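There are 6 protein chains.
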Amino acid sequence: MFFHKQELQYNSVPDQPDAVYARKLQEVLGGQYGEITVAMQYSFQAWNIHIPGKYRDLLYGIASEEFGHVEMLAKMIVQLLEKSPLGITEKDVQSDPTVAAVVGGTDVQHAIVAGAGARPVDSMGNPWSGAYITASGNLLADFTSNANAEMQGRLQVARLYHMTDDHGVRDLLSFLLARDTMHQNQWIASARELQEEGSEQLPVPSNFPRSKEYTAVSHQYINFSDGPDAAKGSWAEGPTPDGEGEFTYLDGPDTSAPMPAPTHPDSRIFGTTELPNTVEKAAGTVQDKLHKE
Amino acid sequence: MFFHKQELQYNSVPDQPDAVYARKLQEVLGGQYGEITVAMQYSFQAWNIHIPGKYRDLLYGIASEEFGHVEMLAKMIVQLLEKSPLGITEKDVQSDPTVAAVVGGTDVQHAIVAGAGARPVDSMGNPWSGAYITASGNLLADFTSNANAEMQGRLQVARLYHMTDDHGVRDLLSFLLARDTMHQNQWIASARELQEEGSEQLPVPSNFPRSKEYTAVSHQYINFSDGPDAAKGSWAEGPTPDGEGEFTYLDGPDTSAPMPAPTHPDSRIFGTTELPNTVEKAAGTVQDKLHKE
Amino acid sequence: MFFHKQELQYNSVPDQPDAVYARKLQEVLGGQYGEITVAMQYSFQAWNIHIPGKYRDLLYGIASEEFGHVEMLAKMIVQLLEKSPLGITEKDVQSDPTVAAVVGGTDVQHAIVAGAGARPVDSMGNPWSGAYITASGNLLADFTSNANAEMQGRLQVARLYHMTDDHGVRDLLSFLLARDTMHQNQWIASARELQEEGSEQLPVPSNFPRSKEYTAVSHQYINFSDGPDAAKGSWAEGPTPDGEGEFTYLDGPDTSAPMPAPTHPDSRIFGTTELPNTVEKAAGTVQDKLHKE
Amino acid sequence: MFFHKQELQYNSVPDQPDAVYARKLQEVLGGQYGEITVAMQYSFQAWNIHIPGKYRDLLYGIASEEFGHVEMLAKMIVQLLEKSPLGITEKDVQSDPTVAAVVGGTDVQHAIVAGAGARPVDSMGNPWSGAYITASGNLLADFTSNANAEMQGRLQVARLYHMTDDHGVRDLLSFLLARDTMHQNQWIASARELQEEGSEQLPVPSNFPRSKEYTAVSHQYINFSDGPDAAKGSWAEGPTPDGEGEFTYLDGPDTSAPMPAPTHPDSRIFGTTELPNTVEKAAGTVQDKLHKE
Amino acid sequence: MFFHKQELQYNSVPDQPDAVYARKLQEVLGGQYGEITVAMQYSFQAWNIHIPGKYRDLLYGIASEEFGHVEMLAKMIVQLLEKSPLGITEKDVQSDPTVAAVVGGTDVQHAIVAGAGARPVDSMGNPWSGAYITASGNLLADFTSNANAEMQGRLQVARLYHMTDDHGVRDLLSFLLARDTMHQNQWIASARELQEEGSEQLPVPSNFPRSKEYTAVSHQYINFSDGPDAAKGSWAEGPTPDGEGEFTYLDGPDTSAPMPAPTHPDSRIFGTTELPNTVEKAAGTVQDKLHKE
Amino acid sequence: MFFHKQELQYNSVPDQPDAVYARKLQEVLGGQYGEITVAMQYSFQAWNIHIPGKYRDLLYGIASEEFGHVEMLAKMIVQLLEKSPLGITEKDVQSDPTVAAVVGGTDVQHAIVAGAGARPVDSMGNPWSGAYITASGNLLADFTSNANAEMQGRLQVARLYHMTDDHGVRDLLSFLLARDTMHQNQWIASARELQEEGSEQLPVPSNFPRSKEYTAVSHQYINFSDGPDAAKGSWAEGPTPDGEGEFTYLDGPDTSAPMPAPTHPDSRIFGTTELPNTVEKAAGTVQDKLHKE
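Protein chains in written order, with the working numbering: chain B, 68 to 360; chain Y, 68 to 360; chain A, 68 to 360; chain S, 68 to 360; chain Z, 68 to 360; chain R, 68 to 360.
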């Protein structure tokens, strides 16, 4: 169960309206790596988990905080939009380049659809999608996904920080940056703990029997491009992170198989084949009769 | 530039047709973590990179291999579909549960749309989407995303392995499992190398000035759920992976801010406000006059 | 802020696994009118509202309950999936039609992607979309949208009730049906209260000046089809619900305007026009010169 | 069958081009609540209806009018686009803020893709989606959905009215406002008629047996947030609109159930469990053998 | 304006219910090349056209027929669904493989969402999308798109013809096949007429000045794969269809350019660069100061 | 297999940065008819083909070139973005309309999400979708689709040519225009060759038996609009392109069928029917008992 309290976790009041910035802020609310994504991702991971106890509690504890971050961003956006100009008929557009930029750069659905309200979309107006989240039931994979989400999220907030000089907005962003720092640290720590405990190891999934893998190519870097520096990294020589072997480097593939012959499905699929594809137009051909069941 | 060779990297010939399995295999061709995703993700990361040399070469080298994996899966799918029954009018459906399952469980667009061909969709028929990929320009974030993609991908292939006993299919999957093992190892190695070289460190992005972050909450685990075991992990006490401090644990937030007052945008947004919202229906009210520009 | 408690609002334990039904249940979790939709819709309405007090409190109070309903459905789905067969290689498929139906009718991503976990998708596998929600800032419009959402939602739950005879599932559905009954009643009551208080009236938005509307056709039913019974309803004669006039009935339109002439945009748009569209292929035509800036 | 006449229902000629406004107008052509949505929604409701006669005739009669509204908007948009500047290479951009705003605020696909033509998209460029419509077969639910669609639609047109001062555009909008007024009135009247006739009543669907609903919570407002004013409305005390009881108010839930234990699906799903998840890397473990069928 | 008549263009009554086939038929109603697509595509082309007269009349004349085809398919689908079983609790599923296939192969939203009604989706449940249509304003391009749409459409109907033996369904399909034959012929004829009149020629757009094209490679087949038979077709030697030259064949590219150097955007984008990316964590570094405006 | 070479096919270096133009260029990279579309479309056609030899080699040869075009556009976009201003806090926005337009007209995800990188989206930010491609297995249909794709593509490039005066950009576009010229010619030549060889003819699919088509209407133009000029084209009289007959013209349909009666699905679908829809609210009605299994 979720309970709501009519307070925010941190101050979210801007100095002044800024409709263009409100649009940009939609990215970290409703984008691929916005707060809706992490709130939903951690929730589904908690619901799908196969282990009781600490990992589940960790997921629930952060998931619920993230819903509150969605709320802080939504409240910031509505305040940034509160006094936004309605559009190009406003007289001052005609003489002020800044206003022109504002008019050009807004999410026009903010006004037309939401009445100066926030929306579950990204900064280009794409609706938030359930396809953004990951909850596979394999915790090492999922915590790695979470670490990535927090890295991408903090990166986007950092970029947004330098696109405004509003003190109220920056204040909120400084808080979100700190929480993303924390959550990056947490998912990395939890991924390590999984491996130290032996619950999951590299390669994921570690409980799939290695004997069923074609291990001859499991540690071989096959370079399909012509950049020679690819051979110079720790991914091309030395021990592999899974502790199972040594990296080797190949300048192109050494396995190959012939391209399978083209398929010939049922003739009633009506694909084009080697045979003349015309049937007698009048009644009575053999092929036609075949088609009558 | 890309060049194509009419060979496959590995054997991709099934023992026998299986239209239901062909549908399932679409997941690792055109799903969120399918081969199209990794091929496109690594390509865009290579095009967007800010560093010449080894990291760029690494990206190009793997990206191009992945396009070949798309091809192997597509060729496998068309062979699995080659002899698939057209549908419920086939007589044997009426007496054979296996055929009934086949008819029920196929991607019907395989026959109707693609003529027993492969498609750029996942196992539920959702078209592949550009929203699946990540290419932020920050390499530690992106390599973490890549590690996750290979983990999710190998996990899905492992699950698919046990959903068939066709030796030809399993042979292909054993090869893909091995390549996913390799690529997991490579992205983890490259993420480490970035950190060891100091190009990028935790928290990502490491070159954002920490002084602009509200660091009071940067290492604080705030539990917004009631699971006490969340306090027991290495994410709640001890040193943080970024080497910047110690985790602390809070049983709920200790910061809060009042919910901002509702906004009151321009009256021509026609939202509902505290004031009576009816205007005089005849001409001539004050508000009406105001609206005439 | 949102807080989570590791309890459910109601019992959500099925008698036995049923992977086909788990797929169907996804509709009321992640479909157009599923619980994610109402949870997000009421939340955004609360964040976008222009009035403090009772309406805002109402929205927050129900929104937060709905997140808990998402959770109950997710937990039900994972239990229904727990023992689902992996696929067609299971021997019993070959002799049991019920298992064949199960294999044919499941969401295959439940196994391949989510590891027998719940997903933010509908019963056909479409990801939940932010485009499902409505939060316009006009409360009479939005509460009508909410009433519709609860009606569609209860209708879907009622249909699902008769697609299973699992007592545990039906028990949960009987609870959801009751809550949908309550919420239908609440949104209808709140829409009435808005009108009685005069905050908003028909037609929505009531504060748009009627003098700017072409009122000659504001109460005229113009039948663009040939069904004569359309004239027999209370929508074709008698007083209009907005209290502003009487319905009239027209057997087809009595206004018309000529189709505007085709447009002729800039020639560099390269559309096809009345003029010969070929240019001299050698250098030096007039049109060509025009294009050199 | 549908028949087309090369006339419009009303005048749709703008005073002058305005490419930014053309983009905004796309919202009511191809957006969530645009004319394509209502035309398709009423058509599908007519095709799916279970009753002959007046309700079906009503649906067909309005559906067909709405296709004409799509056409009027498309014709308006192409005229607004006819003389739009091609882009930033136009010299006057450099000195005129209004032109700068125009260049910044257009739908660039209007020029690049459609050649100064209209498109089936909303004002942010999202393609119209079949997921926007509702046609459930339950008429009280669907007419409520229709009332909402007309309210949201009229609200958006009203907002757009004040974003231009072009007399031709406003003339068209005044006509659309009037038709939306009419259609709001009609769907409300038809929803009432359904209830008065007893065809359908609250709660929807009224023919689902109430005995199968957990009626103890059917009229109980459970406040999951902390706003006390939620208790002050007609949705928290007094008779319920369905005539079945009295509203009661609860300050939080009084039912609860324990969170079900985490699930443990088939081990070949390769989720992370309590058990050590590593297998012997060499051949021959018990678990490995188990996996060999 | 569009007018509706409550008749169908052709008989659309099936012999008996078939819920699985109803799902398949959705492809040609709401799929990429279904009837909604052609109805909308031809309508938008008519609205966007730059020429009055015969081409516009042609577009309107067919567009309107196609809306009637949408209707015929919708009516067929609702009849096929009318007696479909509700699901797996029906007793007969347990003993009848055909019913098992039915249960497994239906669009479950047909029952849950639409109440045995038709939906604007394809055969895998993807909602119809405005992204399916083409209306560029260039008639030779668009008529070629139309010819393709009718080819793909007739192909899909032909495939569907052999997936049923219901006489009523086949009767409807035989009518649709004939209309698709007609429309293929019409779009090919109109594309020819455009070229014969000189309104538009190859290459499209023909009014773009050829002098601005890098014509050295305009008729050169550059084979980026290793299949030698590519050189054997009429696309590799002989006169080009545009009448401008002769095809030539190249076994790989003979132009090339160096890969541009990696870009180095503003440091506040926080991408990873060659430089050490760590800042002094305490206050006061040069870079940090730079970031303070 | 695909191999990558770190060179481009042609020069792709712009004179100067232009973030607004970078956004527009996304259309031909990731739009409906962008380079990703043709690369993927030709690849899937090659994988799905039923004929070995020249057609397959043709498809592979061009598909692989197109992936290189994706790369050229991506590299151009990153260079155009390299020095783009971060946003409205830059001082010069306040006094320069050109900069205002830039700020207003950019794809804001270029900066926030991709760090001044290219993205797999169109010019309005919609992610590339697998639904853009066509690969039906019928080569005449598919080559017609390919011809259309190259026409739409060249048209868009031609439009984009006149939206910039950057010599480097125009240089790249002149190359792409030439390749689109070539590919238009090739698909038209290959479609002709298919017909001359008799592999496929009009109407597509030509191997469907004409005797199963309702040929009475196969060559009849039925005008559902009121434009009389529709009768004046070569699509309304004279021989049909398929060589099977003569066009005839009808001023409206001469076939019709009654609208089928509304359907009455299972009562547990809870649709609204003619019967009173209320059940006894207390226990014990007949209908209620019926529903208890």
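By construction, the Cβ of each residue, glycine as well, lies at the ideal position given by its N, Cα and C atoms. Note that the coordinates shown come from a computational prediction; the quantities given were computed from them, not determined experimentally.
Extent of the continuous alpha helix (DSSP H) to which residue i belongs
{"i": "Y/Y228", "result": "206–228"}
{"i": "R/Y36", "result": "Chain R is shown only over 68 to 360; residue 36 of chain R falls outside these bounds and no answer can be derived."}
{"i": "R/I289", "result": "Segment 287–289 is the beta strand (DSSP E) holding R/I289; no alpha helix (DSSP H) there."}
Proximal chain R residues relative to residue i, where beta-carbon distance stays under 9 Å
{"i": "Y/V80", "result": "What Y/V80 touches in chain R: nothing, since even the nearest Cβ is about 14 Å away."}
Cα-Cα separation between residue i and residue j, rounded to whole angstroms
{"i": "B/L269", "j": "Y/P119", "result": "29 Å"}
{"i": "S/D355", "j": "B/Q251", "result": "With a pLDDT of 37 at S/D355, under the threshold of 50, the modelled position of that residue is not reliable, and the figure given next carries that caveat. Straight-line Cα distance between these residues: approximately 35 Å."}
{"i": "Y/T248", "j": "Y/L227", "result": "16 Å"}
{"i": "Y/H71", "j": "A/S212", "result": "54 Å"}
{"i": "Z/P84", "j": "Z/L147", "result": "4 Å"}
{"i": "S/Q262", "j": "B/V180", "result": "31 Å"}
{"i": "R/L75", "j": "Z/M326", "result": "6 Å"}
{"i": "B/S278", "j": "Z/G171", "result": "35 Å"}
{"i": "B/G351", "j": "Z/H229", "result": "Here the model assigns B/G351 a pLDDT of 37, short of 50, so the residue's position is not dependable, and the following value carries that caveat. Going from the Cα of B/G351 to the Cα of Z/H229 covers about 18 Å."}
{"i": "Z/Y199", "j": "R/A89", "result": "25 Å"}
{"i": "Y/E347", "j": "A/E311", "result": "Residue confidence for Y/E347 is low, a pLDDT of 39 falling below 50, so the modelled location carries little weight; the figure read from the coordinates is stated next. Rounded to whole angstroms, Y/E347 to A/E311 spans 12 Å at the Cα level."}
{"i": "B/V105", "j": "A/M107", "result": "15 Å"}
N- and C-terminal bounds of the beta strand (DSSP E) containing residue i
{"i": "A/Y109", "result": "No beta strand (DSSP E) holds A/Y109; the alpha helix (DSSP H) holding it covers 102–115."}
{"i": "S/F242", "result": "Premise fails: S/F242 lies in the alpha helix (DSSP H), 234–264, not in any beta strand (DSSP E)."}
{"i": "S/Y316", "result": "313–317"}
{"i": "R/A99", "result": "Inspection of the sequence shows that residue 99 of chain R is occupied by Gln rather than by Ala. Where R/Q99 is concerned, there is no enclosing beta strand (DSSP E), given that its DSSP letter is neither H nor E."}
{"i": "S/H71", "result": "69–71"}
{"i": "S/Y77", "result": "Premise fails: S/Y77 is in no beta strand (DSSP E) and is neither H nor E."}
Top-ranked residue by Cα proximity to residue i, from the options
{"i": "S/D293", "options": "S/H286, S/P320, S/F314, S/P306", "result": "S/P320"}
{"i": "Y/A283", "options": "B/S151, B/Q112, B/S241", "result": "B/S241"}
{"i": "Z/N274", "options": "A/S131, A/T315, A/R335, A/G172", "result": "A/R335"}
{"i": "S/E132", "options": "S/L243, S/G172, S/S278", "result": "S/L243"}
{"i": "S/A258", "options": "S/P187, S/P194, S/K121, S/I144", "result": "S/K121"}
{"i": "R/G197", "options": "R/G204, R/V188, R/N215", "result": "R/V188"}
{"i": "S/S323", "options": "A/D124, A/G135, A/L206", "result": "A/G135"}
{"i": "A/L126", "options": "A/V224, A/F210, A/H234, A/F314", "result": "A/F210"}
Chain-ordered chain Y contacts of residue i [CB-CB under 7 Å]
{"i": "B/T211", "result": "T211, A214, N215, M218"}
Residues that residue i contacts on chain A, provided the C-beta gap is smaller than 7 Å
{"i": "R/A225", "result": "F337"}
Under 9 Å from the C-beta of residue i: neighbouring residues of chain S
{"i": "Z/A245", "result": "Ordered by position in chain S, no residue passes the 9 Å Cβ test against Z/A245, which lies about 17 Å from the chain."}
Chain-ordered neighbours of residue i on chain R, where CB pairs are closer than 7 Å
{"i": "Z/S203", "result": "Q219, L222"}
Any residues in the segment 318–338 of chain A with a beta carbon nearer than 8 Å to a beta carbon of chain Z? Which ones, in chain order? G319, P320, S323, A328, P329, T330, H331, P332, S334, I336, F337, G338
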